[in-house]
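Contents: one structure, followed by commentary.
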Amino acid sequence: MRFPTGSRTPLATAEPHREVAAGARRYLMCRPTYFDVVYSINPWMDPSKPVDPRLAVLQWQRLHDVYVELGHTVELIAPVPGLPDMVFAANGATVLDGRVLVARFLHDERAAEAVAYLDWFGSRGYEVRQAAWTNEGESDYLAAGSWLLAGSGFRTDRRSHAESEEFFGRPVIGLTLVDDNYYHLDTALAVLDEQTVMYYPAAFTPGSQDILRGLFPDAIIATDEDAEAFGLNAVSDGHHVVLPAGATRLIAQLRASGFDPVGVEVSELLRAGGGVKCCTLELRDRLPAQRSPGAGLSVVVTSVASDSHNWNLVFLQLTLEELGHQVLNLGPCMPDELLVSECLRVRPDLIVVSSVNGHGFRDGMRLIGRIRAHPELSATAVVIGGKLGIAGPGGVRSRDQLRSAGFDAVFEEDSGIASFKIFTERLTMSVHT
Ligand code: B12
341 MRFPTGSRTP
351 LATAEPHREV
361 AAGARRYLMC
371 RPTYFDVVYS
381 INPWMDPSKP
391 VDPRLAVLQW
401 QRLHDVYVEL
411 GHTVELIAPV
421 PGLPDMVFAA
431 NGATVLDGRV
441 LVARFLHDER
451 AAEAVAYLDW
461 FGSRGYEVRQ
471 AAWTNEGESD
481 YLAAGSWLLA
491 GSGFRTDRRS
501 HAESEEFFGR
511 PVIGLTLVDD
521 NYYHLDTALA
531 VLDEQTVMYY
541 PAAFTPGSQD
551 ILRGLFPDAI
561 IATDEDAEAF
571 GLNAVSDGHH
581 VVLPAGATRL
591 IAQLRASGFD
601 PVGVEVSELL
611 RAGGGVKCCT
621 LELRDRLPAQ
631 RSPGAGLSVV
641 VTSVASDSHN
651 WNLVFLQLTL
661 EELGHQVLNL
671 GPCMPDELLV
681 SECLRVRPDL
691 IVVSSVNGHG
701 FRDGMRLIGR
711 IRAHPELSAT
721 AVVIGGKLGI
731 AGPGGVRSRD
741 QLRSAGFDAV
751 FEEDSGIASF
761 KIFTERLTMS
771 VHT
């Protein structure tokens, strides 16, 4: 189960690039509004057998709700008419450290899905690019600890492995699939935590089986029946493993290995050759910067949506940088949703909101609710300051209201920059201890 350590393998000597540990994840899903089987691009698809769209939606909704109940965040991409396979969001891209490599599908029937993913990630400020070679996203690229396990044989072109290695800066381990029932890597292998996988050996060439045995000598091995039940098309948060309820032996093996399996029904989606994992693209955002003791905070400086003043932000950026902090200045007129998605991506230690046009109180009350609505940002320090009302400083009452709404501190013009500096000093000490 563990990656080899010591001098036995050069892989183990590389700098570890740790994945987020077990805990809250962010997933992207696509409601199966237009789900259907109207063409056949894998052995599971038979267009002559009608699908039950209502059942597909119910099964998908249950999967979505399971993630939410487990404490994960689920983002949605809008389904596009005429793209019946778009429900399989994991095929749309690979997202690592906030970088997005959008798919280039092998089949023309699915090519337009890539456009929707380029738009979705592009409009949220991600560093995004479409793959140059055929690449079916996270279905063929699975992050395992420091490495990217990469499938090929049916869909993803082997030449895309080098492209992904370069784009993500992570070593890629190529694995070749041989059974067309398991046409994507994520139909034959699931990563359970940084060092643990489960897989179906017969889906791989002998050479790839050797690689897997070498890397994961204690892996959980799936039976023919569990592989056919699409049990390996599973999603793990490092502790809970969501997988088809029909993969009964895998469920028992997972439990015996200390995981908490959660069975769901995906039979209707399986009629298009997709299951739990295919419906789920993990949004692996940039990890908080590793810092050495004494280093500064990572700070997002921003204004509110209605405010076009600029120099207040420049002033705050320079002040914070002089104090040794790293600043991402998002600029004026920042829409709430974009600010939130940037903060989810960057995960700063501190968010500094500045407004001087007189509408800061009203905009701030709305904005802080949207920031705090995200569990990942519920504990992030957020302050607001500037000229927040049209009738001069709002005084104790309006500051109390802003604090009750979720701001950690309020710095109106009369409270001066000195108290803001003291606040950042205290925060720096608490972040570093
Ligand atoms: C330049 C300016 C503009 C320029 C902005 C150009 C640009 N690229 O930024 C232009 C002409 C575009 C402009 C437009 C408007 N402006 Co104007 N503008 C000013 C002006 C003259 C200077 C602002 C400035 O750059 N100051 C320099 C920076 C460094 O200081 P600062 O912004 O005051 O920020 C300081 C503090 O507030 C504090 N601070 C700010 N934020 C934070 C956050 C934290 C956490 C902390 C600790 C401290 C802090 O630190 C800074 C340094 O001390 C001020 C008047 C003035 N003298 O202040 C009016 C002023 C800000 N504008 C004002 C108004 C009303 C407007 C308009 C609504 C006018 C209109 N009717 O169209 C529009 C706003 C449009 C919009 N959507 O926001 C009013 C705001 C009144 C209020 N708050 O009640 C002011 C105060 C003028 C006034 N006395 O009426 N404006």
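Mapped onto our numbering, the consecutive letters of the sequence shown carry residue numbers 341 to 773.
Glycine included, C-beta positions come from ideal geometry on N, C-alpha and C.
Take the Cβ of residue i as the centre, count every other Cβ of all protein chains shown within 10 Å, and call the residue buried at 16 or more, exposed below.
i: K617; result: buried
i: Q399; result: buried
i: T764; result: buried
i: E662; result: exposed
i: A452; result: exposed
i: Q401; result: exposed
i: K774; result: Limits of the chain in this structure are 341 at one end and 773 at the other, which puts residue 774 out of reach.
i: R553; result: exposed
i: A792; result: The chain is shown from 341 up to 773; residue 792 falls before or after that span and cannot be answered.
i: S463; result: exposed
i: R365; result: buried
i: C724; result: What sits at residue 724 in the sequence shown is Ile, not Cys. I724 is buried by the Cβ-count criterion.
i: A596; result: exposed
i: W487; result: buried
Should residue i be counted as a contact of the ligand B12 given a C-beta to heavy atom distance under 7 Å?
i: F701; result: no
Give me the residue from the options with the minimum Cα distance to residue i.
i: V722; options: M705, I730 and A530; result: M705
i: E476; options: M385, A585 and D526; result: D526
i: L458; options: I417, A484 and S486; result: I417
i: L489; options: R712, P688 and S548; result: S548
i: V531; options: V518, T516 and H579; result: H579
i: L529; options: H447, E503, G615 and V468; result: G615
i: S646; options: C683, E409 and V693; result: V693
i: H665; options: L656, T434, T373 and N650; result: L656
i: S681; options: V512, N650, I381 and E415; result: E415
i: T434; options: G411, S380 and R510; result: R510
i: N697; options: A731, N521 and A502; result: A731
i: R611; options: L410, V455 and P424; result: P424
i: F461; options: F445, L684, V440 and L446; result: V440
i: H524; options: A471, E503 and G493; result: G493
i: G284; options: V686, G746, V750 and S380; result: Since the displayed the chain opens at 341 and closes at 773, residue 284 lies outside it and no answer follows.
i: E622; options: K389, G438 and Y379; result: G438
i: A559; options: E534, D577, D748 and E568; result: E534
i: A483; options: G514, E752 and R743; result: G514
i: P421; options: V406, V468 and C370; result: C370
i: R737; options: F701, E568, H714 and S770; result: F701
What is the C-beta distance between residue i and residue j, in whole angstroms, given that I count them as a contact (C-beta under 8 Å)?
i: L637; j: L717; result: That pair is no contact at about 15 Å.
i: P546; j: I561; result: Not a contact, Cβ separation roughly 15 Å.
i: F570; j: P584; result: 5 Å
i: L640; j: I691; result: Looking at the sequence shown, residue 640 is not Leu but Val. Indeed they touch by this definition, with Cβ atoms about 5 Å apart.
i: P387; j: V377; result: 5 Å
i: E608; j: V391; result: 6 Å
i: D625; j: R685; result: 5 Å
Using beta carbons (cut-off 8 Å, strictly below), is residue i in contact with chain D?
i: F701; result: Checking the listed chains, one finds no chain D in this structure; it contains a single protein chain.
Query - Pocket of the ligand B12 defined by Cβ to heavy atom distance under 6 Å - result: S646, D647, S648, H649, N650, W651, N652, F655, L656, V692, S694, V696, N697, G698, V723, G725, G726, K727, I730, F751, E753, I757 and F760
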